[in-house]
Amino acid sequence: MSKVSIQTFLQTHANAFLAEHSLPLFQHKALWSLQYCRTSVMGSHADVCENGHIENVYYNSCRHRSCPQCQHLKTDQWLRRQQARLLDTTHHHWIFTIPHSLLPLWRFHQQSVQDILFKAVQQTLRLLANDSKYLNAQPGIILALHTWGRNLSLHPHIHCLITHGGLNGQGDWVEPKRKAMFPAKVMMQLFRGKFLAALTETFAEADLPAKQALYASDWVVHCCKPYEHGDGVAKYLARYMRGGAIRNGQLLKADDQVLFRYKSHQTGKKERLSLNCDDFLKRLLQHVMIPYKQTVRCYGLYNPVKADALNKAREHFKQSPVQAFVEFDWVAWVRGKTTKVRCSQCLAEYRNKNEEI
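Residue numbers (the numbering used here): 3 to 359.
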């Protein structure tokens, strides 16, 4: 029995889906890439040792950020880059979510609404960080966009990783006046107001749902318990930066129906969901990110242009200055995960040479 995967499912069902549905070009490209990743269609490359021996020939990866089988290197690169910059202090993990009544607007205007979402969260945090009642300093902030619930439903939200404290105008590290740093209710109200204000400025009244109801309702801003270090949250975010909304290991069946498993946020238990092929592909494609749009943005001390301020904060925690990150390629990455450092031909020649001696 062949192994179930997103790729094998698309290879047998994508063409029929495309014949019945009109899709934007970037979703067409995503379907094509995921179908043919690491197949002969993508071409190939050779693994050659330093002595010129060809050890293996591999098909090329598609490199699409929604591909569940070829994004491990990029994910690891992102994580190590963030880990090298994190301050050795307590971090908070907050999640900002927009109401479901705004989902139709997201579907038809994702590019604009995505920018508004990032802007509203960033402005909320900056306003509270600059307030003398709470901090009056500049923290380090990483914002990461996710668009899915665990059952592949459309659920746009931003994960925020933020330092517990920041650097003030005099270059000193200061702790917030509250254990929770910022009050959740105030964060929610500011986030709601700034999001809706930007939405009103961008779209005509006819495009928007009833604003009065949106202003009257509480929006979800979930505040997790503080973490002693940001590393754990960074690892959590890295799992979802690339590779798409579902992993191959979640698929249990993928023929005329697709059956997959997930852990429910509501019940905390592992559950299963069965969808017909069309519904599954519609859910999958709504989470393909728009090309060249950032899904992770860094502000405050974690903004790359704030290197001097970040290093000043690192002095407080007795950390060395941030070094320029050296990108590693797939060869170095693979060798870091295996004990094999010599090709089979080199090893055979080495053994023969020693036997002759």
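Just so it is clear, CB atoms sit at the ideal spot from N, CA and C, and this is done for glycine as well.
**Message:** Taking the beta strand (DSSP E) that Ile160 belongs to, which residues open and close that run?
**Reply:** Numbered from 1 along the sequence shown, position 158 holds the residue referred to as residue 160. Segment Leu156 to Thr165, the beta strand (DSSP E) holding Ile160.
**Asked** Comparing alpha-carbon positions, which option in Lys135, His74, Trp150 and Gly142 lies nearest Val188?
**Response** As a position in the sequence shown, residue 188 is number 186, starting the count at 1. Of the candidates Lys135, His74, Trp150 and Gly142, the one whose C-alpha sits nearest the C-alpha of Val188 is Lys135.
**Asked** Under a three-way DSSP split, which group does Glu177 fall into?
**Response** Residue 177 sits at position 175 when you count from the first residue of the sequence shown. Note: Glu177 maps to coil in three-state DSSP.
**Prompt:** In terms of residue numbering, what span does the alpha helix (DSSP H) encompassing Glu422 cover?
**Reply:** Here the chain covers residues 3 to 359 and nothing more, so residue 422 does not appear.
**Asked** Excluding sequence positions up to five away, which residues of its chain have a Cβ less than 7 Å from the Cβ of Pro306?
**Response** In the sequence shown, residue 306 corresponds to position 304, counting from 1. Correct list, in chain order: Cys300.
**Request:** Could you have a look at Asp49 and say whether DSSP puts it in helix, strand or coil?
**Result:** Here residue 49 corresponds to residue number 47 of the sequence shown, with the count starting at 1. Asp49: strand per DSSP, three-state reduction.
**Request:** Please report how far the alpha carbon of Ser276 lies from the alpha carbon of Gln259, in whole angstroms.
**Result:** Here residue 276 corresponds to residue number 274 of the sequence shown, with the count starting at 1. Here residue 259 corresponds to residue number 257 of the sequence shown, with the count starting at 1. Rounded to the nearest angstrom, the two C-alpha atoms are 7 Å apart.
**Message:** Looking at the secondary structure, which residues open and close the beta strand (DSSP E) in which Lys272 lies?
**Reply:** Start at 1 with the first residue of the sequence shown, and residue 272 comes out as number 270. That run of the beta strand (DSSP E) goes Lys272 to Asn278.
**Asked** Exposed or buried, Met3, counting other C-beta atoms within 10 Å across all chains shown (16 or more means buried)?
**Response** As a first step, residue 3 is located in the sequence shown; it is residue number 1 there, counting from the start. Unreliable placement is indicated for Met3, whose pLDDT of 40 sits below 50; the coordinate value is still reported in the next sentence. Exposed: under 16 other Cβ atoms inside 10 Å.
**Item:** DSSP bridge partner residues for Val260 (one or two, in chain order)
**Value:** Translated into positions along the sequence shown, residue 260 becomes position 258. Here Val260 is bridged, per DSSP, to Ala256 and Leu277.
**Complete runs of the alpha helix (DSSP H) confined to the stretch 70 to 107 [at least 4 residues]** = Restricting attention to alpha helix (DSSP H) runs no shorter than 4 residues, the stretch 70 to 107 encloses them at 74 to 85, ordered along the chain.
**Item:** Residues sharing a beta bridge with Lys265, DSSP
**Value:** For the purposes of this step, residue 265 is taken as the residue at position 263 of the sequence shown. Lys265 is bridged to Lys272.
**Prompt:** Would you call the CB atoms of Trp150 and Ala32 closer than 8 Å?
**Reply:** On the sequence shown, residue 150 is found 148 positions in, with the first residue counted as 1. On the sequence shown, residue 32 is found 30 positions in, with the first residue counted as 1. Between Trp150 and Ala32, the C-beta spacing is not below 8 Å.
**Asked** Just the Cα atoms here: how many angstroms apart are Tyr38 and Phe205?
**Response** Locating residue 38 in the sequence shown gives position 36, counting from the first residue. Locating residue 205 in the sequence shown gives position 203, counting from the first residue. For Tyr38 and Phe205, the distance between alpha carbons rounds to 39 Å.
**Message:** On the criterion of 16 or more Cβ atoms from any shown chain inside 10 Å, does Cys72 qualify as buried, or is it exposed?
**Reply:** The sequence position of residue 72 within the sequence shown is 70, counting from 1. By the neighbour-count definition (other C-beta atoms within 10 Å, threshold 16), Cys72 is a buried residue.
**Prompt:** Just checking my contact of Arg244 with Arg67 at CB under 8 Å: how many whole Å lie between their CB atoms?
**Reply:** As a position in the sequence shown, residue 244 is number 242, starting the count at 1. As a position in the sequence shown, residue 67 is number 65, starting the count at 1. Between Arg67 and Arg244 the Cβ distance is about 5 Å, and since that is below 8 Å, they are a contact.
**Prompt:** Which partner residues of Cys348 appear in the DSSP bridge assignment?
**Reply:** Your numbering for residue 348 matches position 346 in the sequence shown. Within the DSSP secondary-structure output, Cys348 pairs in no beta bridge.
**Item:** Residue interval of the alpha helix (DSSP H) (run including Thr126)
**Value:** Your numbering for residue 126 matches position 124 in the sequence shown. Here the alpha helix (DSSP H) through Thr126 covers Gln112 to Ala131.
**Asked** How about Pro293: is its Cβ closer than 7 Å to a heavy atom in the ligand GDP?
**Response** For the structure depicted, the ligand GDP is absent and the ligand set is empty, with no information on it obtainable.
**Prompt:** Which residues mark the beginning and the end of the alpha helix (DSSP H) in which Glu22 is found?
**Reply:** If you number the sequence shown from 1, residue 22 lands on position 20. Ile8 to Glu22 is the span of the alpha helix (DSSP H), which, as asked, contains Glu22.
**Prompt:** Which of the three DSSP states, helix, strand or coil, is assigned to Trp221?
**Reply:** As a working mapping, residue 221 is identified with position 219 in the sequence shown. Reduced to three states, the DSSP call for Trp221 is coil.
**Request:** May I ask you to report which of helix, strand or coil DSSP gives Leu210?
**Result:** Here the question's residue 210 lines up with position 208 in the sequence shown. Reduced to three states, the DSSP call for Leu210 is coil.
**Request:** Report yes or no: do three or more beta-carbon pairs, one from the stretch 112 to 126 and one from the stretch 262 to 272, lie closer than 8 Å?
**Result:** In short, these stretches do not touch, since the Cβ pair count stays below three.
**Sequence-distant residues of the same chain with beta carbon closer than 6 Å to Arg194, five excluded per side** = Along the sequence shown, read from residue 1 onward, the residue named residue 194 stands at position 192. Trp221.
**Request:** For Arg299, write down the residues that DSSP places opposite it in a beta bridge.
**Result:** For the purposes of this step, residue 299 is taken as residue 297 along the sequence shown, with counting starting at 1. BP columns for Arg299 point to Leu145.
**Item:** Residue of Ala309, Pro293, Arg180 and Asp257 minimising C-alpha distance to Ala326
**Value:** The sequence position of residue 326 within the sequence shown is 324, counting from 1. If we check each option's Cα against that of Ala326, Ala309 comes out closest.
**Residue from Tyr217, Ser346, Thr165 and Glu177 whose Cα sits closest to the Cα of Leu198** = As a working mapping, residue 198 is identified with position 196 in the sequence shown. Closest option to Leu198, Cα to Cα, is Tyr217.
**Message:** Just list the residues that DSSP pairs Trp150 with in beta bridges.
**Reply:** Locating residue 150 in the sequence shown gives position 148, counting from the first residue. In the DSSP output, where bridge partners are listed per residue, Trp150 has Leu156.
**Asked** With burial defined as no fewer than 16 other Cβ atoms inside 10 Å of the residue's Cβ, what is the status of Phe319: buried or exposed?
**Response** In the sequence shown, counting from the first residue as 1, residue 319 sits at position 317. Under this definition Phe319 is an exposed residue.
**Prompt:** Which one of Ser24, Arg83 and Ile100 has the shortest CA to CA distance from Asp233?
**Reply:** As a position in the sequence shown, residue 233 is number 231, starting the count at 1. For Asp233, the nearest C-alpha among the options comes from Arg83.
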